[in-house]
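In this note's numbering, the protein residues as written are 9 to 370.
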Ligand code: SMG
Ligand code: MG
């Protein structure tokens, strides 16, 4: 059962700007569960504002209290959560956090790690970094040089109209032809930008992530036919069906899998399996998670179909201090797959209390 909802507030080490705005801090909803007398935690990736998708932290809190928790009556296992919450439309991030808390608690109760439950064989995953829009190309170059110095093995640049060809050209020049580079538009372009987006082809990018609005699957398919840079979807992929359809019509040559966006880690695994079957490479996206979500993502990304480097960076890429006792670190360009029970993190309870801004026990 769910025993607590908590909201924390963490400042970011530097502003993170995307095509939909600037974030300087994060409010994060955490969910605690109790299974077989053992506690577990889930992290909701809903941002402060409904600008990445419709979900946001206050909405996630409200739907959890008013509609999700009351439906969890007889639920004892993570595998029963999605079914119990099925009547509630949408809100995948809020649902995912609930399922995650059950999963962490039941794995801890069984003394099993998430990685063992998934059956992964890799003990580390390559680490990529997502770099926001900067005030100048020079500032972006400094940031990227710093991340390369930290060992990241793949760079992702956020782009938007007016911040694309020039910064991408500059960074390709800076890092040379050998360093994997990709871009993410977070839906900032329209079908009218097709010609313009083609000009990115010359920079040998791994992929262009979500150039068009999330409901424009046909637009992405047309772009994929015309461009040589593979089209990757993020915001559009909200369920197994949407992924299957997007692949079917040629709109999704690469998939960014974010557990929160698809309703949880169990759905994320099913999407991974489908993509693998269809020969579509996948990678694990990031939502500026704390050490809770980062630990879970590192295990997920160790599944065999995750053949591309994910946005799983060190805790310190976003947070000066994480809420876990052993912040996620990047060593030789990789993040270790946690081996401890559950998702494998331990909370820094004193610090957690310090950054808590709201809390209810249920
Ligand atoms: O966690 O490293 C991270 C952030 C990765 O760029 C990132 N995420 O669209 O992929 C994406 C963005 C969404 C984050 S803003 C809510
Ligand atoms: Mg994205």
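Cβ coordinates follow ideal geometry from the N, Cα and C atoms, glycine included.
Note that this is a predicted model, so its numbers are computed, not measured.
The Cβ-Cβ distance between residue 39 and residue 13 falls below 8 Å. Judged by DSSP secondary structure, residue 116 falls within the alpha helix (DSSP H) whose first and last residues are 100-118. Relative to ligand 1, the beta carbon of residue 32 is positioned no closer than 7 Å to any heavy atom.
Cβ neighbours of residue 330 within its own chain (closer than 7 Å, five residues either side excluded): 298, 299 and 323. Using a 10 angstroms sphere on the CB of residue 97, the tally of other CB atoms stays under 16, which defines it as exposed.
According to the DSSP assignment, residue 14 belongs to the beta strand (DSSP E) that extends over 10-26.
A heavy atom of ligand 1 is found nearer than 7 Å to the CB of residue 295. Between the alpha carbons of residue 121 and residue 108 lies a gap of roughly 13 Å. Separation of residue 202 and residue 209 (C-alpha to C-alpha, rounded to the nearest whole angstrom) is 12 Å. Following the DSSP letters along the chain, one finds residue 301 inside the alpha helix (DSSP H) bounded by residues 299-308. An exposed status is given to residue 184, since fewer than 16 other beta-carbon atoms sit within 10 Å of its beta-carbon. Judged by DSSP in its simplified three-state form, residue 42 adopts strand. Non-local C-beta neighbours of residue 284 in its own chain, meaning closer than 6 Å and more than five positions away in sequence, comprise 313, ordered along the chain. Annotation for residue 258: no beta strand (DSSP E) segment contains it, and DSSP assigns it neither H nor E. Annotated as distal: residue 225 and residue 195, with beta-carbon spacing of 8 Å or more. For a cut-off of 8 Å, the C-beta gap from residue 153 to residue 142 is around 12 Å, too long to register as a contact. Going by DSSP, residue 210 is part of no alpha helix (DSSP H) at all; its letter is neither H nor E. Relative to ligand 1, residue 26 has its C-beta within less than 7 Å of a heavy atom.
For residue 285, the uninterrupted alpha helix (DSSP H) segment begins and ends at 273-286. The beta carbon of residue 279 sits closer than 8 Å to the beta carbons of 245, 248, 251, 263, 265, 270 and 290 from its chain, once the five residues preceding and following it are set aside; these are given in chain order. The three-state reading of DSSP puts residue 158 in helix, counting H, G and I together. Less than 8 Å divides the Cβ of residue 345 from the Cβ of residue 130.
If you look at residue 233, you'll find it in the alpha helix (DSSP H) that goes 225-234. Linking residue 48 to residue 353 through their CA atoms gives a straight-line distance of about 10 Å.
Where residue 357 is concerned, the enclosing alpha helix (DSSP H) starts and stops at 357-363. Judged by their CB atoms, residue 253 and residue 217 are not nearer to each other than the 8 Å cut-off. Straight across, the Cα-Cα distance linking residue 159 with residue 318 is about 14 Å. If you check the C-beta of residue 217 against ligand 2, you find a heavy atom less than 7 Å away.
At a cut-off of 7 Å, the beta-carbon of residue 60 counts as near ligand 1: some heavy atom of the ligand is closer than that.
In terms of Cα proximity to residue 333, the closest of 320, 355 and 349 is 355. Checking the 7 Å criterion, the Cβ of residue 55 is within range of a heavy atom belonging to ligand 1.
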